Amino acid sequence: MKLSSRAYEILWDAHAWAGVLSSLVLFVTFFLGAFALFAEELSPWQEPTFRAPIAVPEAQAVALAQRLADTEAASRPVWFGISLPTEEEPWLRLWRMTDGAIHPLWLDPVSGRQLGERSDLGEYLNAMHFLEPLPGGKHLSGLASAVLVLLVGTGLLLQLGRMLRELVQFRPGSSRRVFWSDTHKVIGVISAPFLLVFGLTGGILWFDDWFEPAVVKTSMKGDLQVKERAVDWPSPPAASGRPAGAPDLAHALALAKQRFPASSHHWFFFDNLGDEHGLVHLPGEREGTLHAFTHVRVSRTGELVWARDTGGGTLYSRVMDPLYGLHFATWASLPAKVLYALLSFVCAFGILAGNLLWLERRRAKASSRFDRVLAKLTSGVCAGLPLAVASLFLANQVLPSELSARPGWEHAAFLSAWALGVVGAFVDSEPARYARRLLLGASVLLVVVPLIDAARTGRWPLASGSAHVLVTELGLVALALLLAGAARGIRRLQRPTPVASSASVEPEAPASVPT
1 MKLSSRAYEI
11 LWDAHAWAGV
21 LSSLVLFVTF
31 FLGAFALFAE
41 ELSPWQEPTF
51 RAPIAVPEAQ
61 AVALAQRLAD
71 TEAASRPVWF
81 GISLPTEEEP
91 WLRLWRMTDG
101 AIHPLWLDPV
111 SGRQLGERSD
121 LGEYLNAMHF
131 LEPLPGGKHL
141 SGLASAVLVL
151 LVGTGLLLQL
161 GRMLRELVQF
171 RPGSSRRVFW
181 SDTHKVIGVI
191 SAPFLLVFGL
201 TGGILWFDDW
211 FEPAVVKTSM
221 KGDLQVKERA
231 VDWPSPPAAS
241 GRPAGAPDLA
251 HALALAKQRF
261 PASSHHWFFF
271 DNLGDEHGLV
281 HLPGEREGTL
291 HAFTHVRVSR
301 TGELVWARDT
311 GGGTLYSRVM
321 DPLYGLHFAT
331 WASLPAKVLY
341 ALLSFVCAFG
351 ILAGNLLWLE
361 RRRAKASSRF
371 DRVLAKLTSG
381 VCAGLPLAVA
391 SLFLANQVLP
401 SELSARPGWE
411 HAAFLSAWAL
421 GVVGAFVDSE
431 PARYARRLLL
441 GASVLLVVVP
451 LIDAARTGRW
461 PLASGSAHVL
471 VTELGLVALA
481 LLLAGAARGI
491 RRLQRPTPVA
501 SSASVEPEAP
511 ASVPT
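To convert, note that position 352 of the sequence shown is 352 in full-length UniProt numbering; the numbers rise steadily by one, no gaps.
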């Protein structure tokens, strides 16, 4: 198959410009996506008290949750939640909504003693994967996901007729331009299915969230009940204004297990707690399936008022639920998640390779101010992100466990390290050298963090007795080695290399494109 010169030029420009403008956001989402996969599994690492086994049987934990709900009912909160002990978090967890924000609190399931706010390291990295803590970040990451679909499509079209040949063509001894061209193409082709899945699912989920108000206002004429029927998610009844006690949680849990015996149930979420129309919502989760979530709502008087099986009961829910399952890997076991994480890092590197290829191509023509800024941003954002992650893990270790607003301090450590990394890139005159220093710094911190944890808990490294902690420590060390290897690679690539011939890489605007 043969593309015309004009078609190739248009595709090339679309791919190059869309890639370079979205590259930094996509790098962040894929790099942090590897951590987002293990948000729950990181709980024992981020909080040493979570490394103990579950201390009480489920019935005793439910009884404590009942006392908490009864006590909370007096204040009649708009929304309130309780989770039972799990393997990752063997403590009771409360969620209170205050000033429009949800604040967590942990309790000892044996004594009921409050533990205050604990670290949310895993959940924060999951949120940063979507850039949610940054103003407008969620929309920026969603838009980048949609652009990723364009990048995959245009990239594959550019390789029509020569994909197999160039898939095995890798010339590390050639010039940097040839090296980054080969790297970008090989990674792009191999990871295209993975990239396409996450581009489509991320983009669709974002578009759905963004355009929903407009769809309700126009197509559904503002009728919220039409929307509820379409998405198979009815709203709970409005509060009556008449005070009443909390629902019977043991009975509600029994109903949920009877309705969905294959699901695990650990959560109680209350609507209108303390009101006569109060409900308790019990979501369930099934492992190993794209249609992972079940839902049950039980009234204050103990009646099953609504149940939703996996996938829901409408076309919309049957389409959106598996998209959610694909994006968040609800079907994946630990080995599959590890593979997902490795692919995420590979994709992040492939995106970075595309940026570096752009810079090498433009360098041959004399770099513009845009290219110089892009080089510094690529250095500061991409190499500064691992340093920010390492700083977050370090802050998790050195901050006092009872520090007030401890999660906020950890978040500040992450953002400060990342911001300093970006600012430093504009101070240093050599982006490559600066990126190397950031990567080496992150590598050292990631190795030190498990040693600090071992010293704090009085054990040998890699000998915590917790599978979750062991996997986390091995992952940190592996990432440290990967970053150190990347720093060494940068140093080697800065050495003088042979000048590429005109046939070594694709021309910017070819007269013809043989296939």
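The beta-carbon is built from N, C-alpha and C at its ideal position, and this holds for glycine as well.
Small disclaimer: the values here were computed from a predicted structure and weren't measured.
Spatially closest choice to residue i from the options, by CA coordinates
i: Ser-181; options: Arg-436, Asn-355, Leu-377; result: Asn-355
i: Glu-212; options: Ala-230, Leu-399, Arg-259, Arg-488; result: Ala-230
i: Leu-64; options: Ser-75, Pro-85, Trp-45, Ala-52; result: Pro-85
i: His-468; options: Val-338, Glu-402, Ala-390; result: Val-338
i: Phe-393; options: Arg-300, Ser-43, Leu-359, Trp-17; result: Ser-43
i: Pro-104; options: Glu-117, Thr-378, Ser-75; result: Glu-117
i: Asp-371; options: Arg-76, Met-220, Pro-431; result: Pro-431
i: Ala-254; options: Ala-454, Leu-304, Ala-383; result: Leu-304
i: Arg-436; options: Val-422, Gly-465, Ala-484, Glu-402; result: Ala-484
i: Ala-486; options: Arg-406, Asp-453, Ser-401, Cys-382; result: Cys-382
i: Pro-57; options: Gly-312, Glu-87, Leu-32; result: Glu-87
i: Ser-404; options: Leu-205, Leu-115, Pro-53; result: Leu-115
i: Ala-101; options: Pro-77, Gln-258, Ser-111, Pro-90; result: Pro-77
i: Thr-154; options: Gln-225, Ser-111, Leu-205, Trp-12; result: Trp-12
i: Ser-416; options: Arg-6, Ala-395, Pro-400; result: Ala-395
i: Ala-55; options: Ala-18, Leu-107, Ala-14, Leu-94; result: Leu-107
i: residue 516; options: Leu-150, Gly-241, Gly-458; result: The first residue shown for the chain is 1 and the last is 515, placing residue 516 beyond what the model contains.
i: Val-444; options: Ala-39, Ala-390, Ile-187; result: Ala-390
Residue i and residue j closer than 8 Å at C-beta
i: Glu-41; j: Ser-119; result: no
i: Trp-79; j: Asp-208; result: no
i: Phe-414; j: Ala-388; result: yes
i: Thr-29; j: Ser-191; result: no
i: Ala-348; j: Phe-50; result: no
i: Lys-376; j: Phe-345; result: no
i: His-266; j: Ser-83; result: yes
i: Gln-397; j: Val-319; result: no
i: Tyr-124; j: His-327; result: no
i: Leu-232; j: Ser-317; result: The residue asked about is misnamed: residue 232 is Asp in this sequence, not Leu. The answer is yes: Cβ separation under 8 Å.
i: His-277; j: Ala-252; result: no
i: Pro-193; j: Trp-306; result: no
i: Arg-308; j: His-291; result: no
i: Pro-109; j: Leu-92; result: yes
i: Leu-249; j: Glu-72; result: no
i: Ala-353; j: His-139; result: no
i: Phe-268; j: Gly-284; result: no
i: Ala-480; j: Leu-446; result: yes
i: Thr-201; j: Leu-323; result: yes
i: Ala-127; j: Ser-22; result: no
i: Gly-421; j: Gly-380; result: yes
i: Ala-34; j: Ala-341; result: yes
i: Ala-256; j: Leu-279; result: no
i: residue 543; j: Arg-6; result: With the chain covering 1 to 515 only, the question about residue 543 has no answer from this structure.
i: Gly-199; j: Val-152; result: yes
i: Phe-31; j: Leu-451; result: no
i: Arg-286; j: Ser-263; result: yes
i: Thr-314; j: Phe-293; result: no
Delimiting residues of the alpha helix (DSSP H) encompassing residue i
i: Leu-392; result: 383-398
i: Pro-53; result: Counting along the chain, Pro-53 falls outside any alpha helix (DSSP H), and DSSP gives it neither H nor E.
i: Asp-321; result: 315-328
i: Gln-46; result: 43-46
i: Leu-150; result: 137-158
i: Ala-419; result: 406-427
Start and end residues, beta strand (DSSP E) containing residue i
i: Glu-285; result: 279-285
i: His-295; result: 293-299
i: Val-305; result: 304-308
Bridge partner(s) assigned by DSSP for residue i
i: Ser-368; result: DSSP output for Ser-368 lists no bridge partner at all.
i: Asp-232; result: Asp-232 is not bridged to any residue.
i: Ser-5; result: Its beta-bridge partners do not exist; DSSP assigns none.
i: Ser-264; result: Glu-285
i: Phe-38; result: Per DSSP, none; premise fails for Phe-38.
i: Asp-275; result: Pro-243
i: Phe-30; result: Phe-30 pairs with nothing; no bridge assigned.
i: Phe-269; result: Gly-81, His-281
Worksheet item: What are the start and end residues of each continuous beta strand (DSSP E) run of 3 or more residues lying completely inside the stretch 58-129, in chain order?
Response: You should have 79-83, 92-98, 101-107, 114-116.
Practice prompt. Note down, one range per segment and in chain order, each alpha helix (DSSP H) of at least 4 residues found wholly within the stretch 432-498.
Written response: Every alpha helix (DSSP H) stretch that sits fully inside the stretch 432-498 and reaches 4 residues is listed by chain position as 467-493.
Practice prompt. Only counting runs of 4 or more residues, tell me where the alpha helix (DSSP H) segments fall wholly within the stretch 182-259, in order along the chain.
Written response: If one requires a minimum length of 4 residues, the alpha helix (DSSP H) runs lying completely within the stretch 182-259 are 192-218, 224-231, 249-259, in chain order.
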